[in-house]
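The numbering used here puts the sequence shown at residues 3 to 311.
Glycine included, every Cβ here is placed at the ideal spot set by N, Cα and C.
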Amino acid sequence: MVLTLFNYGSEPDPADQLKARASAFFSSNITEMVFRLPTHLDSFVPPPSQQAPDPRPWRGALIVSGMRSSDRSSSQTIRVTAVETDGDNRADLWPSQFFTHIVHRPILKELQSWVKRHSPPLCTFMPDRHRDPNINQVNQTTFRSLSRILFENHTIALASWGSDDIPGAGFIIFPAQNSSSLLVGALFLTDPFPAFVAGTSPPPMPLSPSQAQLAYGAQYPQQAAPYATSSHHHQSTSPQPISYPASPVDQPGSRHRRLHYRYPMHHPYSSNDRASLSVDPRWPEVKDEEGNYTSFTPTHETPPYPRSG
Numbered sequence: 003m004v005l006t007l008f009n010y011g012s013e014p015d016p017a018d019q020l021k022a023r024a025s026a027f028f029s030s031n032i033t034e035m036v037f038r039l040p041t042h043l044d045s046f047v048p049p050p051s052q053q054a055p056d057p058r059p060w061r062g063a064l065i066v067s068g069m070r071s072s073d074r075s076s077s078q079t080i081r082v083t084a085v086e087t088d089g090d091n092r093a094d095l096w097p098s099q100f101f102t103h104i105v106h107r108p109i110l111k112e113l114q115s116w117v118k119r120h121s122p123p124l125c126t127f128m129p130d131r132h133r134d135p136n137i138n139q140v141n142q143t144t145f146r147s148l149s150r151i152l153f154e155n156h157t158i159a160l161a162s163w164g165s166d167d168i169p170g171a172g173f174i175i176f177p178a179q180n181s182s183s184l185l186v187g188a189l190f191l192t193d194p195f196p197a198f199v200a201g202t203s204p205p206p207m208p209l210s211p212s213q214a215q216l217a218y219g220a221q222y223p224q225q226a227a228p229y230a231t232s233s234h235h236h237q238s239t240s241p242q243p244i245s246y247p248a249s250p251v252d253q254p255g256s257r258h259r260r261l262h263y264r265y266p267m268h269h270p271y272s273s274n275d276r277a278s279l280s281v282d283p284r285w286p287e288v289k290d291e292e293g294n295y296t297s298f299t300p301t302h303e304t305p306p307y308p309r310s311g
């Protein structure tokens, strides 16, 4: 038989006393320890009433002219959203839509080199989503078509701010190197476009009709005669005055779409500045989802318009 003796007169175990004291300490001080902030950090944490909410991404429309080589005066509306902005973009001053036109000159590499040297504020555009699946699909297709046109023809698109609140020229849109579902915008909030982009002065010597149509296709009004249905007009070598293709901003029915750009005087572009970024050869092939969007020819030998008749 085992007898258990209880010593009622002995002192309590020191370990039990330590546990009791620790429990009492934490019970009285736990609230202060959790919610108290060190005084040297108070200035870095503004009160909730003074904390600015996260800015919402800009959503709007690009109204793009020049996507169809057969009718450069027509335009397509693309709903987009601006994400991953880099630098001060003042998106709070952006209008809800931008009138945009494609530059029919192969200057993409020059722009990439310029962006690498000067590091302007950049933003990334992606097609916005729509609840209607059919509208969403059309918007996605048109966006990819614009990306494909810019990439395949080594060119860019220009958009004006259209507002006196931003003194700069606008922004330049060019294709992303790794995805046809993204476009990049170089922002010009206070400055004009670079001279090699905005140089629109007439050339000092006459150009052939095909060269003039390619280089200055979106700048001069059209005369009706050279664009009759007969294909002979596209091959004429008669020394008649040069007629230029239609400008989307000079057509009688397009007065509400007139664009206002600030173009600086053109200066010679140094050969030392022509080092450009190489285009990623892994650019995915983009299916020609709309037959209406014909690729532009970046050379001067072939007329930029498809023959008809």
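Report task. Confirm, please, whether the CB-CB distance from L189 to P123 is below 8 Å. Result -> Going by C-beta atoms, P123 is nearer than 8 Å to L189.
Query raised in the report: Going by beta carbon distance, what residues of the same chain come within less than 6 Å of L95, once the five residues before and after it are set aside?
Result: D167 and I168
Query raised in the report: Who pairs with S67 in a beta bridge, going by DSSP?
Result: DSSP lists S77 and H103 as partners of S67.
Query raised in the report: Does the segment 121-140 touch the segment 79-91, meaning 3 or more C-beta pairs lie closer than 8 Å?
Result: yes
Query raised in the report: Nearest-angstrom Cα distance between S77 and S98?
Result: 17 Å
Report task. State yes or no: is the C-beta of V186 within less than 8 Å of the C-beta of I109? Result -> no
Requested in this report: Would you mind giving the Cβ-Cβ distance between V105 and A159, rounded to the nearest angstrom? I have them listed as a contact below 8 Å.
Outcome: 7 Å
Requested in this report: Look at the alpha carbon of D73 and the alpha carbon of N141, and state the distance between them as a whole number of angstroms.
Outcome: 20 Å
Query raised in the report: Taking the C-alpha atoms as reference points, what is the distance between S121 and N138?
Result: Each residue's Cα considered, the two are about 33 Å apart.
**Report entry** Own chain residues within Cβ distance below 6 Å of F100, not counting five before or after
**Finding:** Excluding sequence neighbours, F100 sits near L64 and A161.
Requested in this report: Determine, using beta carbons only, whether R58 and L191 come nearer to each other than 8 Å.
Outcome: No, Cβ-Cβ distance for R58 and L191 is not below 8 Å.
Report task. Determine the DSSP secondary structure at P135, reduced to helix, strand or coil. Result -> helix
Requested in this report: Return helix, strand or coil for I174, following the three-state DSSP convention.
Outcome: strand
Requested in this report: Could you work out which residue in P194, L148, H103 and D193 is closest to S181 when comparing CA atoms only?
Outcome: The residue among P194, L148, H103 and D193 with its C-alpha nearest the C-alpha of S181 is L148.
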